[in-house]
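Peer 1:
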Amino acid sequence: MDQKEVDVIKASLADATYNELVAAMIQTKEAHDVLKQRTSEAWDVVCVIARQVIPARFEQDQIQNITVILPDGTKKRLLVLPKVSVKTPEENKMLLRDWLREHEAAEIISETVNASTLAAYVGAQMKAGEPYPNDICEISTYETASLRKA
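Under the UniProt record's numbering, the first residue of the sequence shown carries the number 1, and numbering increases by one thereafter.
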C-alpha cells in the first residue's frame, strides 16, 4: 500500500468515533480473513491442476511437453518436471543436522532465528534499556490497536 492510499484511509476515518474505528477495523480484518481463506483455496486448486491433472493428462497422452498459447497470445512450453518437497518436524531438526554432517552435506546447514521470537527479544531488550542489535537488524517500532474483552 502506498502513502497516497494510506492518506485516503486516514482522511476517510478522521472524524470517526472510536466505535466506528473499531467497526471498520473488525470489518476489514474479517474481509482479510475471508480473502486469505480464498487465496489458500485457490492455491489448492492450482496445486491439484499442476501436480495431478496435467501430469495425468501428459501420461494419458504419452507426451513430454506441449506448446500452448496463453490468453494474451504468448506461446509457452508446458512441461511436467520432477520436484521434491521436504519438511522436517521440529523434534527431528538436530537429528537432520547430524545426518547431514555424517553424509558430508554440512554446507547446506544454516542457523535461523524465528522472526517473532527475535522481535519479542528485541522489544524486551529495548524496554529494559539493554543492548539490542540495531546495527545489524532493521528495527522499527509501531503502535497497533488490539481488541480485548472489556
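Even for Gly, the Cβ is constructed at its ideal location relative to N, Cα and C.
Between 115, 105, 51, which has its C-alpha nearest residue 80's C-alpha?
Peer 2: Against the sequence shown, residue 80 aligns to sequence position 80. Here the closest residue by C-alpha is 51.
Peer 1: For the beta strand (DSSP E) containing residue 77, list its first residue and its last residue.
Peer 2: Residue mapping note: residue 77 aligns to position 77 of the sequence shown, counting from 1. Counting along the chain, the beta strand (DSSP E) containing residue 77 begins and ends at 75-79.
Peer 1: Please state whether the Cβ-Cβ distance between residue 221 and residue 77 is less than 7 Å.
Peer 2: The requested residue 221 does not occur in the structure, where the chain is confined to residues 1 to 150.
Peer 1: Please report the Cβ distance between residue 13 and residue 23, rounded to the nearest whole angstrom; I am assuming they are in contact, meaning their Cβ atoms lie under 8 Å.
Peer 2: If you number the sequence shown from 1, residue 13 lands on position 13. If you number the sequence shown from 1, residue 23 lands on position 23. Contact flag wrong, Cβ pair sits at about 11 Å.
Peer 1: Using the three-state DSSP reduction, which class does residue 54 fall into: helix, strand or coil?
Peer 2: Taking the first residue of the sequence shown as 1, we reach residue 54 at position 54. Here residue 54 sits in helix by DSSP.
Peer 1: Could you have a look at residue 88 and say whether DSSP puts it in helix, strand or coil?
Peer 2: By one-based count along the sequence shown, residue 88 stands at place 88. In the structure shown, residue 88 sits in coil (DSSP, three-state: anything other than H, G, I, E or B).
Peer 1: What are the residues that DSSP puts in a beta bridge with residue 66?
Peer 2: On the sequence shown, residue 66 is found 66 positions in, with the first residue counted as 1. According to DSSP, which records beta bridges pairwise, residue 66 is partnered with 78.
Peer 1: Taking the alpha-carbon positions, what's the residue 96 to residue 83 distance?
Peer 2: By 1-based counting over the sequence shown, the position of residue 96 is 96. By 1-based counting over the sequence shown, the position of residue 83 is 83. Roughly 20 Å separates the two Cα atoms.
Peer 1: With three or more C-beta pairs closer than 8 Å as the rule, is the stretch 101-114 touching the stretch 86-93?
Peer 2: no
Peer 1: Pick helix, strand or coil for residue 139, following the three-state DSSP scheme.
Peer 2: For this step, residue 139 is matched to residue 139 along the sequence shown. Reduced to three states, the DSSP call for residue 139 is coil.
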